[in-house]
Amino acid sequence: MKDIIWKLLRQHISKGQLIGFAIANLIGLTIVLLAVQFYRDIKPVFSDEESFISKDYLIITRAVTGAGAMMGNNGEFSDSDISDLEHQPWCRQVGRFLNSDFAIDAQLGVGTGHAMRTQFFFEAIPDEFIDIDPNAWGFTSAKPEVPVVISRDYLSLYNFGFAATQGMPKISEGQAEMLPLEFTLSGNGKRQVMPGRIVGFSNRLNTVIVPQEFMEWANQTFGTGVAQQPQRLIVEVSKPGDIKIEEYMDEHHYEVAGDKMSSSKANYFLTVVSAIVIAVGIIISLLSFFVLMLSIYLLLQKNTRKLQDLLLLGYSPSQVSRHYILLVIGLNAAVLVLGILLMLVGRMAYMDMIHAFGISGSGIGISVLVGILIMGAITAGNIRAIRQKINSLWLHEK
Amino acid sequence: MEQIALNNTLPRVFAGLHGIHSDIWQQQVTFERGKRYLISAESGTGKSSMCSYIYGYRQDYSGSIAFDSQDIRSMTVAQWCDVRQRHIAYLPQDMRLFDELTAMENVELKNRLTGFKDRDEILKLFEAMGIPDKVDSLASKLSIGQQQRVAIIRALCQPYDFIMLDEPVSHLDEENNRTVADIIVNEASRQGAGIIATSVGNHLQMDVDTIFNL
């Protein structure tokens, strides 16, 4: 029985137009969903939740210039520089890098019989700037062992630059942390050998960090005793991407070390590119929305007489429009489901790359929600148009 | 619904014309439930317009029309659907059958909305109308006279206070005219409904209470 009305109303439905709409909308929706998902998956690569220095920290140095060096500017930060920095609105706190004021000789055993020996250096920053297991961090002169955090780049340099060409074994981070390490500290007429241990790797700090209490003890024991000003500062900021920070740094000829700024730039570009791709997807979706609108209008136009006759028989506009609305809902739901499936397929293609960065990607909840919102909006627009059109058929003459 | 009242009604296209002599236009006319009316007209005098005003799908008239005391311009879509399903049965002059459906499907399209008759009753009507062999024929394959009878069966498939027939027998011969008239009068009497039939010459053969010249 129900089929009689559908038998009437499906006349003039153009499969070609509907398929055209579905494909166009599917492309648009898939682009939007993939862009959203990719953005969310790749985002952690650019933010620093992984590194032990949390993401709101900048490391700054003075720009090294020929003129500056000639003028006797040795790149140190004075107390007034630091105080000025501390009074900036975006600055939460400033930590000083403490340099070693004594000679260090490091010996690293790699495999049996191999040992690397090199001159070495240490730096220290206040503990509150370091996010690391306090049990492994710290120092007592009674049981001297030096925990160090080194740049992850150093390990890469060794693995890919040195070990690969010199026939040495590659080492993982886990292995590196177990390497026998020995430091010989000397200066001030004293000399002491003590074991060391790598306790962590940093993406951010391009240096060798030791606990501040060790540094103070060692500087006192082996150093010249002359108080020194820091050459590097670590600054906790409220908004890492703030343009005012960059202006301030430029104005004072400070350089932001590491990938902090470039990472926030990359982050910025990721956002911009994602936004462009999402916009393109939305435009395609919008265009396809108009294709569907046009198709529906044509269909209703061609079936005007039938629709009017049904209304004359006593069918209500909502009974008449229901069939077209169900058609649109079915079509859009199919596009949504296919769009999400295509997004998942696309995601599988790039997830290997994401995994190579050592991150697992985020959930698909937000993308699915975005898809539902877009298709919900398109469907609502379609339904509204169908209702309006059918209501306009109610009166033949006003 | 007890009465349909036309109060000084005039199709807008006639506005400004002088010398309109009509029993309907610009008059006070009341159709009452249970009575039979014949509206005799020459073509072009607006009888189909009158039907479309009363059935609510055109409003290009001046004056007013009321069902009982409610001005029909103030009726909602839902009220109109109720009128069309339960209070006024209507046979348009051009029948408005769906060509792509069979005779039976055309009738059922209305009957499923009202649930007024069962399939046997409908089949009996086809038989009484003399077209039992056309039940499953496509409407487009029927002659105009056959289409007219299918459309009448469709109009009868609902409860009504009035049945309004726009030239119901224009394509029927004398004998069929009488048959159709008997069926309509019977069906209407059973519901105590009023009959309003228009004609440009070939009148529905029934006793009438009032004849209006449009």
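Just so you know, the protein sequences line up as chains A and B, in that order.
By this note's numbering, the letter at position 11 of the first sequence is numbered 11, and the numbering carries on one by one without gaps.
With positions in the second sequence counted from 1, the corresponding number in this note's numbering is that position plus 1000.
Heads up, the beta-carbon is just placed ideally off N, CA and C, and yes, glycines get one too.
Can you tell me whether Lys-143/A is helix, strand or coil according to DSSP?
The residue labelled residue 143/A in the question sits at position 143 within the first sequence. Note: Lys-143/A maps to coil in three-state DSSP.
Could you give the distance in angstroms between the alpha-carbon of Met-168/A and the alpha-carbon of Met-116/A?
Here residue 168/A is taken as the residue at index 168 of the first sequence, counted from 1. Here residue 116/A is taken as the residue at index 116 of the first sequence, counted from 1. When rounded, the distance between both Cα atoms is 11 Å.
Helix, strand or coil for Lys-389/A? Go by DSSP, reduced to three states.
Counting from one through the first sequence, the residue named residue 389/A turns up at place 389. Helix at Lys-389/A.
With H, G and I counted as helix, E and B as strand and the rest as coil, what does DSSP make of Phe-1116/B?
Position 116 of the second sequence, counting from 1, holds the residue named residue 1116/B. Three-state result, Phe-1116/B: coil.
Below-8 Å beta-carbon distance, Lys-1141/B vs any chain A residue
The count along the second sequence starts at 1 and reaches residue 1141/B at position 141. No, its Cβ sits nowhere closer than 8 Å to a Cβ of chain A.
Along the region 305-338 of chain A, what residues have a CB closer than 7 Å to any CB found in chain B?
Lys-306, Asp-309, Leu-312, Leu-313, Gly-314, Tyr-315, Ser-316 and Pro-317
Boundaries of the beta strand (DSSP E) in which Arg-92/A is found, first to last residue:
As a working note, residue 92/A is residue 92 in the first sequence. Looking at the DSSP string, the run of the beta strand (DSSP E) that includes Arg-92/A is 91-96.
Per the DSSP calculation, Lys-486/A is bridged to which residue(s)?
Nothing about residue 486/A can be reported from this structure: the residues present for chain A run from 1 to 398 only.
Chain-order list of residues whose beta-carbon lies under 7 Å from that of Gln-1085/B (same chain, five-residue window excluded):
In the second sequence, the residue the question calls residue 1085/B occupies position 85. These residues qualify, in order along the chain: Leu-1113, Thr-1114 and Gln-1158.
Three-way DSSP call (helix, strand, coil) for Phe-162/A in this model:
Reading the first sequence from its first residue, position 162 is the one you call residue 162/A. DSSP places Phe-162/A in the helix class (H, G or I) of the three-state scheme.
Which runs of the alpha helix (DSSP H) at least 4 residues long sit entirely within the region 1124-1193 of chain B? Give them in chain order.
1144-1156 and 1174-1191
Pull up the CB-CB distance for Asn-206/A and Ala-257/A, whole angstroms please, since I reckon it's below 8 Å.
What you label residue 206/A is simply residue 206 of the first sequence in a count that begins at 1. What you label residue 257/A is simply residue 257 of the first sequence in a count that begins at 1. About 7 Å; that satisfies the 8 Å criterion.
Consider the Cβ of Trp-6/A: report whether some Cβ of chain B lies at a distance smaller than 8 Å.
Along the first sequence, read from residue 1 onward, the residue named residue 6/A stands at position 6. So no, Trp-6/A is outside the interface.
Could you confirm whether any beta carbon from chain A is found closer than 8 Å to the beta carbon of Arg-1190/B?
On the second sequence, position 190 is the one that residue 1190/B refers to. It does not; no Cβ of chain A falls within 8 Å.
Of the residues Thr-1198/B, Cys-1081/B, Glu-1127/B and His-1087/B, which one's Cα is nearest the Cα of Tyr-1160/B?
Working through the second sequence from its first residue, we reach residue 1160/B at position 160. Comparing Cα positions, the closest option is His-1087/B.
Quick one: Cα of Thr-1179/B to Cα of Ile-1039/B, how far?
Locating residue 1179/B in the second sequence gives position 179, where the first residue counts as 1. Locating residue 1039/B in the second sequence gives position 39, where the first residue counts as 1. When rounded, the distance between both Cα atoms is 20 Å.
Which of helix, strand or coil DSSP assigns to Glu-1032/B:
As a working note, residue 1032/B is residue 32 in the second sequence. Of the three classes helix, strand and coil, the one that applies to Glu-1032/B here is strand, per DSSP.
For Tyr-1037/B, is the classification buried or exposed, using 16 other Cβ atoms within 10 angstroms of its Cβ as the cut-off for buried?
Start at 1 with the first residue of the second sequence, and residue 1037/B comes out as number 37. Buried is the call here.
On a Cα-Cα basis, can you pick out the residue from Gln-107/A, Pro-44/A and Glu-246/A that is closest to Phe-357/A?
Counted from its first residue, the first sequence places residue 357/A at position 357. Ranking Gln-107/A, Pro-44/A and Glu-246/A by Cα distance to Phe-357/A puts Pro-44/A first.
Output, in chain order, the set of chain B residues within a Cβ distance shorter than 9 Å of Lys-398/A.
Here residue 398/A corresponds to residue number 398 of the first sequence, with the count starting at 1. The contacting residues are Arg-1058, Gln-1059 and Asp-1060.
Consult DSSP for Ser-362/A and reduce its assignment to one of helix, strand or coil.
Your numbering for residue 362/A matches position 362 in the first sequence. Three-state DSSP puts Ser-362/A in coil, outside helix and strand.
For Gln-231/A, which residues of its own chain have a beta-carbon under 6 Å away from its beta-carbon, when the five flanking residues on both sides are left out?
Stepping through the first sequence from its first residue, residue 231/A is reached at position 231. The answer, listed in chain order, is Gly-75 and Glu-76.
Would you grab the beta carbon distance between Ala-1139/B and Gln-1147/B for me? Rounded to a whole angstrom, and I think it's under 8 Å.
Residue mapping note: residue 1139/B aligns to position 139 of the second sequence, counting from 1. Residue mapping note: residue 1147/B aligns to position 147 of the second sequence, counting from 1. At roughly 6 Å, the Cβ-Cβ gap stays under 8 Å, so Ala-1139/B and Gln-1147/B are in contact.
Nearest-angstrom beta carbon gap, Leu-393/A and Leu-307/A [assumed within contact, 8 Å]:
Taking the first sequence and counting its residues from 1, the one referred to as residue 307/A is at position 307. Taking the first sequence and counting its residues from 1, the one referred to as residue 393/A is at position 393. With 8 Å as the limit, Leu-307/A and Leu-393/A qualify as a contact, their Cβ atoms being about 5 Å apart.
Arg-1149/B CB to nearest chain A CB: under 8 Å?
Stepping through the second sequence from its first residue, residue 1149/B is reached at position 149. With 8 Å as the cut-off, Arg-1149/B does not count as an interface residue toward chain A.
Assuming Ile-1065/B and Tyr-1055/B form a contact by the criterion Cβ under 8 Å, report the distance between their Cβ atoms to the nearest whole angstrom.
The count along the second sequence starts at 1 and reaches residue 1065/B at position 65. The count along the second sequence starts at 1 and reaches residue 1055/B at position 55. Going by Cβ atoms, the distance from Ile-1065/B to Tyr-1055/B rounds to 10 Å, so no, they are not a contact pair.
What does Lys-190/A pair with, by DSSP beta-bridge criteria?
Working through the first sequence from its first residue, we reach residue 190/A at position 190. The partner list for Lys-190/A (beta bridge, DSSP) reads Gly-187/A.
Rounded to a whole number of angstroms, what is the C-alpha to C-alpha distance between His-396/A and Trp-1080/B?
Locating residue 396/A in the first sequence gives position 396, where the first residue counts as 1. Locating residue 1080/B in the second sequence gives position 80, where the first residue counts as 1. Distance between the alpha carbons of His-396/A and Trp-1080/B: 14 Å.
Listed by chain order, chain A residues near Leu-1091/B by CB distance under 7 Å
The count along the second sequence starts at 1 and reaches residue 1091/B at position 91. Those do not exist, as Leu-1091/B stays about 11 Å from chain A at its closest Cβ, beyond 7 Å.
According to DSSP, simplified to helix, strand and coil, what is Glu-49/A?
Taking the first residue of the first sequence as 1, we reach residue 49/A at position 49. Summary for Glu-49/A: the model assigns pLDDT 46, below 50, so the residue's position carries little reliability; its value from the coordinates is reported in the next sentence. Coil.
Do Lys-389/A and Tyr-297/A have their C-beta atoms closer together than 8 Å?
Residue numbering aside, residue 389/A sits at position 389 when the first sequence is read from its first letter. Residue numbering aside, residue 297/A sits at position 297 when the first sequence is read from its first letter. In contact: Lys-389/A and Tyr-297/A (Cβ atoms closer than 8 Å).
My understanding is that Leu-181/A touches Leu-108/A, with C-beta atoms under 8 Å, so please give their C-beta distance in whole angstroms.
Taking the first sequence and counting its residues from 1, one reaches residue 181/A at position 181. Taking the first sequence and counting its residues from 1, one reaches residue 108/A at position 108. The Cβ separation is near 6 Å, so the contact holds.
Can you find at least 3 beta carbon pairs, one from the region 17-27 of chain A and one from the region 280-289 of chain A, that sit closer than 8 Å?
yes
If we define contact as Cβ-Cβ less than 8 Å, is Val-1077/B a contact residue for chain A?
Translated into the one-based positions of the second sequence, residue 1077/B becomes position 77. At least one CB of chain A lies nearer than 8 Å to the CB of Val-1077/B.
Measuring straight from C-alpha to C-alpha, what distance separates His-12/A and Val-328/A?
Numbered from 1 along the first sequence, position 12 holds the residue referred to as residue 12/A. Numbered from 1 along the first sequence, position 328 holds the residue referred to as residue 328/A. Each residue's alpha carbon lies about 15 Å from the other.
Asp-259/A - DSSP class collapsed to helix/strand/coil:
In the first sequence, residue 259/A corresponds to position 259, counting from 1. With a pLDDT of only 49 at Asp-259/A, under the threshold of 50, the placement of this residue in the model should not be trusted, and no figure is reported.
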